[in-house]
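Accompanying notes for the structure given below.
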């Protein structure tokens, strides 16, 4: 009888341990599905000169024209992450209040401008999609639907009047042949409702492959290091020259359409850290 009781106690103890272990495993599985965070690191430079120092770094375009920036800002929005199965996670898509960032070279620390994304589903991500500017869909949700970002854009000088819309890329500085001594201002942007206004839409999107999988989890916050080569501005898909006809161009003129098409070619992912 004593042996039977002893064996019964062992069986009960083993059962409790098994149940506890299963419960812990279940808890771990639940924990492992929790979302994580992701950091984007934008490094703005000229491909042959390194990081851009405002009012200092001078590039020579393929047309032999020197230029330097005193202001370099652009808007990134509609970020998407595409995992190993091709599933796309859209980060606050068409919601500028939560999903748009102003990349301002004046804010660079060690040559890097940071954008931090939160509540990213756990996953192994292979590609990233970026929007340059604000999409017509986001703009058409109205001023009240994006009041926080609209105010920020105004404060950063990245907006005209509401009817005119956002500035997508703000490039200012000096240019010249022997020295950069003539001022220029090129502001690309969405002139309100492009269909109603009959103006070109300068919003652009690009998909970039990640050289290393970004493994997002509760425990791991990957950082994706994105290089933006501003040599593309004048020496990209379309070779451009600053002149008295376009050095103060703002909006969505044919020249600025070419600028926009050049700028979207400047991005590439240099590396990914899974820390």
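Residue numbers (our numbering): 707 to 981. All C-beta atoms in this analysis are idealised placements derived from N, C-alpha and C, irrespective of residue type, glycine included.
- Between residue 788 and residue 832, the beta carbon gap of about 6 angstroms places them in contact (Cβ cut-off 8 angstroms).
- Straight-line measurement puts the Cα of residue 791 at about 42 angstroms from the Cα of residue 878.
- Exposed is the label assigned to residue 816, since fewer than 16 other Cβ atoms lie within 10 Å of its Cβ.
- Taking C-alpha positions only, residue 786 is separated from residue 837 by approximately 9 angstroms.
- According to the DSSP assignment, residue 857 belongs to the alpha helix (DSSP H) that extends over 853 to 861.
- DSSP places residue 940 in the helix class (H, G or I) of the three-state scheme.
- Distance from the CA atom of residue 841 to the CA atom of residue 765, rounded to whole angstroms, is 31 angstroms.
- Between residue 918 and the set 871, 830 and 774, the nearest pair of CA atoms involves 830.
- Just so you know, the alpha carbons of residue 911 and residue 924 end up roughly 29 angstroms apart.
- If you draw a straight line from the Cα of residue 861 to the Cα of residue 753, it comes to about 30 angstroms.
- Annotation for residue 961: the continuous alpha helix (DSSP H) segment containing it runs 960 to 969.
- In this structure, 803 is the residue among 769, 758, 795 and 803 with its C-alpha nearest to the C-alpha of residue 848.
- Exposure of residue 739 is indicated by the presence of fewer than 16 other C-beta atoms within 10 angstroms of its C-beta.
- Apart from the 5 residues on each side of it in sequence, residue 856 sits with its Cβ closer than 7 angstroms to the Cβ of 849 and 865 in its chain, given in chain order.
- By the 16-neighbour rule on beta-carbons within 10 angstroms, residue 853 is exposed.
- Rounded to the nearest whole angstrom, the CA to CA distance from residue 955 to residue 745 is 33 angstroms.
- Along the length of the segment 829 to 914, whole alpha helix (DSSP H) runs at least 4 residues long occupy 842 to 845, 853 to 861 and 900 to 903, reported in chain order.
- Judged by DSSP in its simplified three-state form, residue 812 adopts helix.
- Residue environment analysis places residue 769 among the exposed positions, since fewer than 16 neighbouring C-beta atoms fall within 10 angstroms of its C-beta.
- In this structure, residue 891 and residue 957 do not form a Cβ contact; the two beta carbons are roughly 12 angstroms apart against a cut-off of 8 angstroms.
- Scanning 979, 757, 839 and 901 for the CA closest to the CA of residue 969 turns up 839.
- In chain order, 929 place their CB closer than 6 angstroms to the CB of residue 979, counting only its own chain and leaving out the 5 sequence neighbours on each side.
- Minimum Cα-Cα distance from residue 818 among the listed residues 883, 824 and 809 corresponds to 809.
- Residues 817, 818 and 933 of the same chain have their beta carbon placed closer than 6 angstroms to that of residue 749, with the five preceding and five following residues left out of the count.
- Remark: C-beta atoms of residue 780 and residue 875 approach each other more closely than 8 angstroms.
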